[in-house]
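In order, the protein sequences belong to chains A and B. Each number in the working numbering comes from the position in the first sequence (counting from 1) with 249 added on. Each number in the working numbering comes from the position in the second sequence (counting from 1) with 249 added on.
2 protein chains.
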Amino acid sequence: MRATIVTVGNELLSGRTVDTNFTFLARALGAAGVRVHRHVTAGDERAAILAAVRGALLDSDLVLISGGLGPTADDVTRDAMAELAGVELVADPAAAARIAARLASLGRKQTAVGNRQALLPADMAQLANPIGLAPGLWHETETAIVCALPGVPRELMAMTSEVLVPRLRARHPDLAPLPVAVLRTIGVPESEIAERIETAGLDLAGVALAYLPGPGGVELRITGPEPAAGPAAERAADAIAARLGAAVYARGEESMEEVVGRLLSMRGLTLALAESCTGGLVGFRVTRVAGSSAYFAGGVIAYANEAKTALLGVSPALLTAHGAVSAEVAAAMAAGARARFGAALGIAVTGIAGPGGGTPEKPVGLIFIAAAGPAAGAAVTERHLLLGDRQQIRERAATHALDLARRSLLDPAART
Amino acid sequence: MRATIVTVGNELLSGRTVDTNFTFLARALGAAGVRVHRHVTAGDERAAILAAVRGALLDSDLVLISGGLGPTADDVTRDAMAELAGVELVADPAAAARIAARLASLGRKQTAVGNRQALLPADMAQLANPIGLAPGLWHETETAIVCALPGVPRELMAMTSEVLVPRLRARHPDLAPLPVAVLRTIGVPESEIAERIETAGLDLAGVALAYLPGPGGVELRITGPEPAAGPAAERAADAIAARLGAAVYARGEESMEEVVGRLLSMRGLTLALAESCTGGLVGFRVTRVAGSSAYFAGGVIAYANEAKTALLGVSPALLTAHGAVSAEVAAAMAAGARARFGAALGIAVTGIAGPGGGTPEKPVGLIFIAAAGPAAGAAVTERHLLLGDRQQIRERAATHALDLARRSLLDPAART
């Protein structure tokens with residue numbers, strides 16, 4: 250099954266909004282075994298949407314449209330679907346009733362604007378929207394399915410997994426994805442990973458190996474050539490993982506914060522944070538994981554030096570002697586967080602994210618991270634010099650801090 | 250001038266790589282006055298690239314291709330350009346010499362793989378690549394320009410600003426962007442904003458109004474119909490802003506955290522945070538702004554109840570009486586953050602982000618936010634019931650917390 254995805258919106262074409270809906274749909278369809286072979290972004294114009302759909306119908310089995318089903322005048326996907334099917338838009342009593350009931354349950358009144366969402370192509374099949382007001386639309390031509398889903402991301406996500414994919418599977422019971430084994434690495438550049446794999450004499454015949462470098466490290470994706478090739482992909486991933494050792498932090502699509510959470514849970518330990526340049530990002534990432542309250546005690550965002558002293562007990566003398574961006578202060582911050590929150594493991598990060606504040610001795614991108622506990626003895630500190638702009642440096646600093654937590658929890662010497 | 254952007258790469262179609270090249274090109278062309286009216290993502294196949302380009306030539310003055318000019322076998326944009334022009338790929342001595350010189354300066358040897366980059370469509374104009382090995386390609390049909398640029402982001406960026414845009418301007422001296430006025434709103438649903446605007450009898454003739462709902466509120470973009478229509482767009486924005494009142498937090502593309510930072514700087518005040526369910530996100534957003542150390546003292550991520558008591562001075566009796574998710578605890582957290590950090594304004598957020606932890610009385614999505622200071626008197630608290638999954642609830646809670654900071658700083662009663 251070959252699919253074209255059409256995402257609709259002037260805000261996408263202007264580059265003002267990053268098209269996360271496309272990314273989501275491409276992954277969801279790929280995981281269901283549908284091959285996405287083209288993506289078109291069209292503006293909020295009926296003719297532009299129609300042209301994209303008609304072009305896609307030449308070589309696609311599925312045309313999936315996202316967006317343009319909302320209540321405002323620039324939402325014209327309904328109009329395009331009606332023209333495609335050669336029917337009129339008519340007020341749909343059932344849709345109107347659902348909208349009225351939904352609005353009533355929210356304590357809002359029906360408005361003329363909202364009512365536009367009940368104008369639907371005559372006799373066209375609808376897909377239930379479990380969490381929003383606009384139903385999806387489903388139209389079949391002689392050769393293809395044309396499906397329109399709302400562009401509100403959470404509605405799109407819910408409808409894709411709960412309605413669209415089950416419906417595609419019911420229609421095409423043989424849909425199956427190519428097997429993919431994933432390894433996530435940190436701390437080793439892409440070229441060195443490639444070198445290590447290529448010089449290892451591994452037998453990777455029949456699988457495709459892709460390198461995806463990102464701010465959190467390099468992800469390796471090993472894809473089998475056919476749906477039944479799962480074991481071959483897994484064997485290849487095993488061989489590569491053995492070659493790369495501790496640089497691999499996850500087998501599969503586990504995030505670094507999920508790995509850290511799993512290690513903390515397994516060992517019954519708690520975590521506390523002390524963040525300076527990351528400003529709360531490490532805590533935000535740790536608490537992305539549902540259930541993190543079981544092992545995350547809390548953190549201090551110690552942006553000002555006074556806060557490092559008052560809330561983390563970092564001595565003013567230490568700050569004066571070494572500066573806030575130093576291994577010594579990082580270690581004191583980690584120990585302070587551990588003590589103040591009564592946690593088993595304290596992790597700290599301090600650095601210069603820029604664009605200002607750098608010096609020849611302490612340039613922008615210099616960060617220190619530290620771990621205190623769970624092993625006895627002094628805190629572990631690390632120095633990294635990170636590339637990128639302010640946000641990239643902060644993202645990378647947070648990843649290194651989480652990775653230090655991971656390695657601290659793996660370290661046999663640290664086992665309690 | 251109407252443009253179609255074609256980005257090339259299987260990694261884009263799979264949704265594994267977010268297409269930042271498109272976002273960059275759309276913004277750069279828009280700023281130069283080129284209207285991007287379609288975006289197509291094609292896989293690494295000559296036929297797919299050609300189909301996208303030929304479709305675009307039907308209604309575009311410029312077709313801009315990014316990617317597929319590299320040295321490996323899956324880089325086939327050169328082949329597609331040659332077929333489009335009806336010429337052969339030939340070894341280009343000048344390009345080969347440039348590649349050899351570049352490799353020599355890097356201390357690398359010429360390889361057969363690298364040499365592919367010197368195979369170029371016969372007699373096709375080239376665009377110099379100031380920082381990479383692959384030149385761009387420039388082909389003119391009777392009606393349009395077809396230009397191919399490398400997909401390596403920093404090469405693409407450099408060639409766009411240094412080569413492509415100057416060349417387009419030289420060819421079309423009347424190129425000028427359409428004027429856009431931006432209003433950012435928070436706290437009012439899209440449908441209600443539309444209703445308020447549509448029932449106000451505003452004269453919006455001649456401008457285009459787009460609604461961009463997002464997790465941070467609804468952005469309104471008012472676009473003038475021609476380069477000289479800037480005053481008309483601004484007048485329309487003035488009229489809409491007057492109608493929407495305090496729901497408008499920014500005129501222009503200022504973020505909520507930039508608005509809060511500007512208000513703090515203007516008034517010479519400092520901010521401290523106490524975060525529970527947002528886990529550090531509010532602090533992360535505040536510190537996204539370069540220079541935020543001037544007004545941001547720091548924050549406490551008080552995830553566990555013990556942390557709320559130990560680090561923010563929230564009394565255990567208060568926690569027992571009202572629960573951690575309550576207006577009373579939010580107020581105590583805000584006051585505690587203000588006091589512990591010695592800041593003028595303390596902002597707190599506590600809530601249930603889910604998926605677990607909800608009860609009939611305190612469901613998932615319930616959050617309380619509080620502001621302490623800068624006015625005298627008790628803290629201000631607000632209750633919100635937010636929709637979405639864990640991450641969306643956290644994003645929205647952070648935005649409401651920042652907005653409460655904004656309104657606290659705007660409040661005349663709060664002026665020191």
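Even for Gly, the Cβ is constructed at its ideal location relative to N, Cα and C.
Segment limits, alpha helix (DSSP H) that includes residue i
{"i": "A/E439", "result": "439-447"}
{"i": "A/L659", "result": "639-659"}
{"i": "B/I489", "result": "479-493"}
{"i": "B/A334", "result": "326-334"}
{"i": "A/A556", "result": "554-561"}
{"i": "A/A571", "result": "Reading the sequence as shown, one finds His at residue 571 of chain A and not Ala. That run of the alpha helix (DSSP H) goes 565-571."}
{"i": "A/T269", "result": "269-281"}
{"i": "B/A576", "result": "576-590"}
{"i": "A/L405", "result": "402-408"}
{"i": "B/A397", "result": "Careful: B/A397 lies outside any alpha helix (DSSP H), inside the beta strand (DSSP E) at 394-398."}
{"i": "B/E610", "result": "It is not in any alpha helix (DSSP H) - B/E610 carries neither H nor E in the DSSP assignment."}
Span of the beta strand (DSSP E), counted from its first residue to its last, around residue i
{"i": "A/V456", "result": "Element bounds for A/V456: n/a, residue is neither H nor E."}
{"i": "A/H286", "result": "284-291"}
{"i": "B/A430", "result": "429-434"}
{"i": "A/T630", "result": "629-634"}
{"i": "B/I616", "result": "615-621"}
{"i": "B/S514", "result": "Taken as a continuous stretch (DSSP letters only), B/S514 belongs to no beta strand (DSSP E), being part of the alpha helix (DSSP H) at 505-516."}
{"i": "B/A546", "result": "545-551"}
{"i": "A/E294", "result": "That residue, A/E294, is in no beta strand (DSSP E); it is neither H nor E in DSSP."}
6 Å Cβ shell around residue i - same chain, five flanking residues per side excluded
{"i": "A/A374", "result": "W387"}
{"i": "A/A621", "result": "A583, A584, R587, G595, A628"}
{"i": "A/A305", "result": "T253, V312"}
Reference residue i, options the options, closest by Cα
{"i": "A/V395", "options": "A/I380, A/G585, A/L376", "result": "A/L376"}
{"i": "A/E483", "options": "A/L458, A/A602, A/P464, A/M582", "result": "A/L458"}
{"i": "B/D487", "options": "B/L453, B/L560, B/G317, B/R351", "result": "B/L453"}
{"i": "B/A281", "options": "B/L659, B/V414, B/E441", "result": "B/V414"}
{"i": "B/L278", "options": "A/M250, A/G264, A/T269", "result": "A/G264"}
{"i": "A/S309", "options": "A/I601, A/E391, A/V339", "result": "A/E391"}
{"i": "B/R295", "options": "B/T321, B/R327, B/L307, B/D268", "result": "B/R327"}
{"i": "A/V274", "options": "A/A346, A/L368, A/S315", "result": "The question names Val, yet the displayed sequence has Leu at residue 274 of chain A. The shortest C-alpha separation from A/L274 is found at A/S315."}
{"i": "B/E447", "options": "B/I489, B/G455, B/G463", "result": "B/I489"}
{"i": "B/A602", "options": "A/K557, A/I642, A/G540, A/G572", "result": "A/G540"}
{"i": "B/R347", "options": "B/A331, B/Q366, B/V336, B/L518", "result": "B/Q366"}
{"i": "A/G463", "options": "A/P426, A/I254, A/P438", "result": "A/P438"}
{"i": "A/E468", "options": "A/R537, A/R643, A/V429", "result": "A/V429"}
{"i": "B/D660", "options": "B/H649, B/P623, B/T648, B/A650", "result": "B/P623"}
{"i": "A/H286", "options": "B/R287, B/G292, B/V285, B/A579", "result": "B/G292"}
{"i": "A/Y460", "options": "A/A496, A/V431, A/G473, A/A477", "result": "A/V431"}
{"i": "B/L615", "options": "B/D268, B/G591, B/I642, B/T569", "result": "B/I642"}
{"i": "B/T321", "options": "B/N364, B/A297, B/A350, B/R357", "result": "B/N364"}
{"i": "A/A579", "options": "A/A523, A/G606, A/E555", "result": "A/A523"}
{"i": "B/A297", "options": "B/V283, B/R276, B/D323", "result": "B/D323"}
Neighbourhood of residue i by C-beta distance below 7 Å, restricted to the same chain and skipping five residues each side
{"i": "B/L333", "result": "L299, V302, H388, V395"}
{"i": "A/R470", "result": "V429, V431, A459, L461"}
{"i": "A/E411", "result": "P379"}
Neighbourhood of residue i by C-beta, 8 Å cutoff - its chain only, sequence neighbours within 5 removed
{"i": "A/Y498", "result": "R433, T434, I435, G466, M505, V508, D652, R655"}
{"i": "B/T266", "result": "G258, E260"}
{"i": "B/P604", "result": "V613, D638, R639"}
{"i": "A/A529", "result": "It is Gly, not Ala, that sits at residue 529 of chain A in the sequence shown. So the list reads G548, I550, once near-sequence residues are dropped."}
{"i": "A/N270", "result": "T256, S315, G316, G400, P402, L405"}
{"i": "B/R537", "result": "S504, E506"}
Cβ-Cβ separation, residue j to residue i (assumed contact under 8 Å), whole Å
{"i": "A/L451", "j": "A/R492", "result": "7 Å"}
{"i": "B/A397", "j": "B/G319", "result": "B/A397 to B/G319, Cβ: 12 Å. No contact."}
{"i": "A/A521", "j": "A/G548", "result": "6 Å"}
{"i": "A/Y552", "j": "A/S525", "result": "6 Å"}
{"i": "B/L417", "j": "B/V283", "result": "7 Å"}
{"i": "B/H288", "j": "A/T290", "result": "4 Å"}
### Task
Tell me, please, whether the segment 496-507 of chain B touches the segment 495-515 of chain A by the rule of three or more beta-carbon pairs shorter than 8 Å.
no
### Given 8 Å, three or more beta-carbon pairs between the segment 413-426 of chain B and the segment 629-636 of chain B
no
### Query
Is there contact here, the segment 430-444 of chain A with the segment 400-409 of chain A, by at least three beta-carbon pairs under 8 Å?
no
### Query
How about the segment 337-357 of chain A and the segment 594-602 of chain B: do they share at least three Cβ pairs that are nearer than 8 Å?
no
### Message
Within 8 Å, do at least three Cβ pairs link the segment 557-566 of chain A to the segment 526-546 of chain A?
### Response
no
### Task
Pull out every residue of the segment 622-651 of chain B whose Cβ sits closer than 7 Å to any Cβ of chain D, in chain order.
In summary, chain D is missing from the structure at hand, where the protein chains are A and B.
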